[in-house]
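Colleague: One structure is given below, represented as structure tokens, and several questions about it will come after.
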């Protein structure tokens, strides 16, 4: 236990030095390290919502809209299947959570049911009357659609917020259809709501040729829909209406990139599809020359250019009466992806920086008081050995801050509590070792033998006690949420670093002192 080869001394010194170096940027102005490379010291702790303020939002995902779209797609598929097979029907409609229609000839019922099954095997089909057909989604599929909509919304909201440049947002599902969003340091909640709340669902359709571009009848004929323009108005000041085919030629899900750009000194959005999207876009423009292509965003036509020639490169631009800010926002939303369903804001709280600063100051005071009391206790109780334990404690705190900074973990108020607790726990191992050494000295052992026996005898107890605490911290992180995770992270890191400093650093200091002074009597 007292044998320290040179490589081990160098390794311990290197770890302690790196801990101090990588923790140091937290005590200097942040801009001093802006030009440092990624591997160099320069990262600082991320403060959580409770420490630096920010925005707290509670969202609800309107999953009914996803089911409505699914039923509309089912209705359109049934219409095309029956029309292609020349099966006569009337009154095809969506009624609540079912799609129903009436056959003109009851003898074609089996053919109609088979056509619907071929289009989608998962549908539930019933025939309550001879000519009445009712189509619905199975319950397990409805639950899966709702769950996927919420989970997809969580990921898309996270990507959108990451595009804003914020660090460590907390985004998690709550209940069946709600999402909690906490963004530390973001002091513009309205801008955050604008970015999050926009569905940004873009699709490409052809304009229906049964009406001239920019005009639409009062009611949409089968297979078409009437959509307003996003920025065009008529002589009465009302939005211009377009008659658009229901069939989606290319979905916005196929977009892989969108960037703000300029064309003829006007702001535009350039976009690029993936391979399949590029093929669909190229086929649409190649098969429909001189027709108008409607670009639909969240149920509004933002542009309807004429197809003058095939566009086979899988990329294009979106033009319109956009400002530079609108172009930047639109390209951001399209890059992040469309929300599968609209969301509503149920709760909004803005945490001011004053509360955060109060919490930071209180945490600093608690940490300082706890550290001073531990240092004094160790010196009073164990003298020179207590001073060595206090030196190791300083390295321990430096390692904790360095690891948190390197991992860019978010420090919350419970996280500060975890650090304060770690300061108290960090000397536990040294207390066990020093008490064991004191017992060995009282039993008449020589200084070297007493230290050797003390470390060997206490090692198993130290590992067992810290391991059980570490298991508890890991379980807190795995099953906890929000503040509990912050506490578990700092506690886990503190346990690992305290074991290193107690077993390695303190022992190295004791051994170096013993070999240098070679005392005849050991006083602990």
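Numbering (the working numbering), first residue to last: 854 to 1377.
All residues carry an ideal CB built from backbone N, CA and C; glycine is no exception.
Work out the CA separation of residue 1004 and residue 1076 for me, nearest whole Å.
Modeller: Residue numbering aside, residue 1076 sits at position 223 when the chain shown is read from its first letter. Residue numbering aside, residue 1004 sits at position 151 when the chain shown is read from its first letter. Each residue's alpha carbon lies about 31 angstroms from the other.
Colleague: Please report the residue range of the beta strand (DSSP E) in which residue 1386 lies.
Modeller: In the structure as shown, the chain begins at 854 and stops at 1377. Residue 1386 is therefore absent and cannot be evaluated.
Colleague: Starting from the C-beta of residue 1097, find all residues in its chain whose C-beta is less than 8 angstroms away, skip the five residues before and the five after it, and write them out in chain order.
Modeller: Counted from its first residue, the chain shown places residue 1097 at position 244. Only 1058, 1059, 1060, 1061, 1077, 1078, 1079, 1080, 1147, 1149 and 1154 meet the Cβ criterion.
Colleague: Taking contact to mean at least 3 C-beta pairs separated by less than 8 angstroms, is the segment 1352-1370 in contact with the segment 1245-1262?
Modeller: They touch, by the three-pair rule.
Colleague: Helix, strand or coil for residue 1101 per DSSP?
Modeller: Walking along the chain shown from the start, residue 1101 turns up at place 248. Here residue 1101 sits in coil by DSSP.
Colleague: Does residue 1197 pass the burial test, meaning 16 or more other C-beta atoms within 10 Å, or should it be called exposed?
Modeller: For the purposes of this step, residue 1197 is taken as residue 344 along the chain shown, with counting starting at 1. Counting Cβ neighbours within 10 Å, residue 1197 comes out exposed, since fewer than 16 surround it.
Colleague: For a minimum of 4 consecutive residues, which ranges assigned as the alpha helix (DSSP H) are wholly contained in the segment 901-972?
Modeller: As far as the segment 901-972 is concerned, its whole alpha helix (DSSP H) runs of at least 4 residues are 902-905, 916-937 and 962-972.
Colleague: Where do the N-terminal and C-terminal ends of the beta strand (DSSP E) with residue 1085 fall, by residue?
Modeller: If you number the chain shown from 1, residue 1085 lands on position 232. Here the beta strand (DSSP E) through residue 1085 covers 1077-1086.
Colleague: Using CA coordinates, which residue listed in 1312, 1346 and 1284 is at the minimum distance from residue 1377?
Modeller: Mapped onto the chain shown, residue 1377 falls at position 524. Looking at the Cα atoms, 1284 is the closest of the given residues.
Colleague: Could you tell me whether the segment 1031-1051 touches the segment 909-922, where touching means 3 or more Cβ pairs closer than 8 angstroms?
Modeller: These segments touch.
Colleague: Secondary structure at residue 1066, three-state DSSP: helix, strand or coil?
Modeller: As a position in the chain shown, residue 1066 is number 213, starting the count at 1. Note: residue 1066 maps to coil in three-state DSSP.
Colleague: Return the CA-CA distance between residue 1113 and residue 1221, expressed in angstroms with no decimal places.
Modeller: One-based indexing of the chain shown puts residue 1113 at position 260. One-based indexing of the chain shown puts residue 1221 at position 368. Distance between the alpha carbons of residue 1113 and residue 1221 is about 50 angstroms.
Colleague: To the nearest angstrom, how far is the alpha carbon of residue 876 from that of residue 1257?
Modeller: Position 23 of the chain shown, counted from the start, is the residue given in the question as residue 876. Position 404 of the chain shown, counted from the start, is the residue given in the question as residue 1257. So the alpha carbons of these two residues sit roughly 9 angstroms apart.
Colleague: Could you check which residue in 941, 1341 and 1162 has the C-alpha nearest to that of residue 1145?
Modeller: As a working mapping, residue 1145 is identified with position 292 in the chain shown. Of the candidates 941, 1341 and 1162, the one whose C-alpha sits nearest the C-alpha of residue 1145 is 1162.
Colleague: Thinking residue 976 and residue 940 are a contact (beta carbons under 8 angstroms), I'd like their distance in whole angstroms, please.
Modeller: Locating residue 976 in the chain shown gives position 123, counting from the first residue. Locating residue 940 in the chain shown gives position 87, counting from the first residue. So it is not a contact: roughly 16 angstroms between Cβ atoms.
Colleague: Over what stretch of residues does the alpha helix (DSSP H) that includes residue 1073 continue unbroken?
Modeller: Residue mapping note: residue 1073 aligns to position 220 of the chain shown, counting from 1. From DSSP, residue 1073 is part of no alpha helix (DSSP H); its letter is neither H nor E.
Colleague: What does DSSP give as the partner residue(s) for residue 1147 in the beta ladder?
Modeller: Position 294 of the chain shown, counting from 1, holds the residue named residue 1147. Beta-bridge pairing links residue 1147 to 1058.
Colleague: Just mark residue 1308 as buried or exposed, buried being the case when its beta carbon has 16 or more other beta carbons within 10 Å.
Modeller: Within the chain shown, the letter at position 455 stands for residue 1308. By the neighbour-count rule (16 or more Cβ atoms within 10 Å), residue 1308 is buried.
Colleague: By Cβ distance, which residues of its chain are closer than 6 angstroms to residue 1031, with the 5 residues on each side in sequence left out?
Modeller: Your numbering for residue 1031 matches position 178 in the chain shown. Hits under 6 angstroms: 913.
Colleague: So residue 1343 and residue 1279 are supposed to be a Cβ contact under 8 angstroms. How far apart are they, rounded?
Modeller: Residue mapping note: residue 1343 aligns to position 490 of the chain shown, counting from 1. Residue mapping note: residue 1279 aligns to position 426 of the chain shown, counting from 1. Not really, about 12 angstroms apart at Cβ, beyond 8 angstroms.
Colleague: Counting along the chain, where does the alpha helix (DSSP H) carrying residue 1123 start and finish?
Modeller: Here the question's residue 1123 lines up with position 270 in the chain shown. Looking at the DSSP string, residue 1123 is not in any alpha helix (DSSP H); the run it does join, the beta strand (DSSP E), is 1119-1126.
Colleague: Does DSSP put residue 1187 in a helix, a strand or coil?
Modeller: Residue mapping note: residue 1187 aligns to position 334 of the chain shown, counting from 1. It is helical.
Colleague: Would you identify the three-state DSSP class for residue 1024, choosing helix, strand or coil?
Modeller: For the purposes of this step, residue 1024 is taken as residue 171 along the chain shown, with counting starting at 1. Strand.
Colleague: Give the straight-line distance between the Cα atoms of residue 995 and residue 974, rounded to the nearest whole angstrom.
Modeller: Locating residue 995 in the chain shown gives position 142, counting from the first residue. Locating residue 974 in the chain shown gives position 121, counting from the first residue. Taking the straight line joining both Cα atoms gives about 15 angstroms.
Colleague: Tell me whether residue 954 is buried or exposed, calling it buried when 16 or more other Cβ atoms sit within 10 Å of its Cβ.
Modeller: Here the question's residue 954 lines up with position 101 in the chain shown. Buried, since its Cβ has 16 or more Cβ neighbours within 10 Å.
Colleague: Have a look at the DSSP bridge pairing and note the partners of residue 1116.
Modeller: Taking the chain shown and counting its residues from 1, one reaches residue 1116 at position 263. DSSP output for residue 1116 lists 1119 as bridge partner(s).
Colleague: If you reduce the DSSP assignment to three classes, tell me which class residue 1176 lands in.
Modeller: In the chain shown, residue 1176 corresponds to position 323, counting from 1. Of the three classes helix, strand and coil, the one that applies to residue 1176 here is coil, per DSSP.
Colleague: With DSSP run on the structure shown, which of helix, strand or coil describes residue 1197?
Modeller: In the chain shown, counting from the first residue as 1, residue 1197 sits at position 344. Strand at residue 1197.
Colleague: Counting Cβ pairs, one atom from each stretch, are 3 or more of them under 8 angstroms apart for the segment 1284-1302 and the segment 1258-1269?
Modeller: Short answer: they don't touch.
Colleague: Can the beta-carbon of residue 1010 be found closer than 8 angstroms to that of residue 986?
Modeller: On the chain shown, residue 1010 is found 157 positions in, with the first residue counted as 1. On the chain shown, residue 986 is found 133 positions in, with the first residue counted as 1. Taking 8 angstroms as the Cβ cut-off, residue 1010 and residue 986 do not qualify as a contacting pair.
Colleague: At which residues does the beta strand (DSSP E) containing residue 1156 begin and terminate?
Modeller: Along the chain shown, read from residue 1 onward, the residue named residue 1156 stands at position 303. From DSSP, the beta strand (DSSP E) with residue 1156 extends over 1153-1156.
Colleague: On the DSSP letters alone, give me the boundaries of the beta strand (DSSP E) that residue 975 sits inside.
Modeller: Residue 975 sits at position 122 when you count from the first residue of the chain shown. Residue 975 -> no beta strand (DSSP E), and no H or E assigned at all.
Colleague: Pair every Cβ in the segment 1286-1295 with every Cβ in the segment 1304-1321, then say whether three or more of these pairs are closer than 8 angstroms.
Modeller: The segment 1286-1295, when compared against the segment 1304-1321, does touch it at the 8 angstroms Cβ threshold.
Colleague: Taking residue 1068 as the reference, give the member of 1050, 1045 and 1092 with the closest Cα.
Modeller: As a working note, residue 1068 is residue 215 in the chain shown. The shortest Cα separation from residue 1068 among 1050, 1045 and 1092 belongs to 1092.
Colleague: For residue 1263, which beta-bridge partners are listed by DSSP?
Modeller: By one-based count along the chain shown, residue 1263 stands at place 410. DSSP, once it has assigned bridges, lists 899 as partnering residue 1263.
Colleague: According to the neighbour-count rule (16 or more other Cβ atoms, all chains shown, within 10 Å of its Cβ), is residue 861 buried or exposed?
Modeller: Walking along the chain shown from the start, residue 861 turns up at place 8. So residue 861 counts as exposed.
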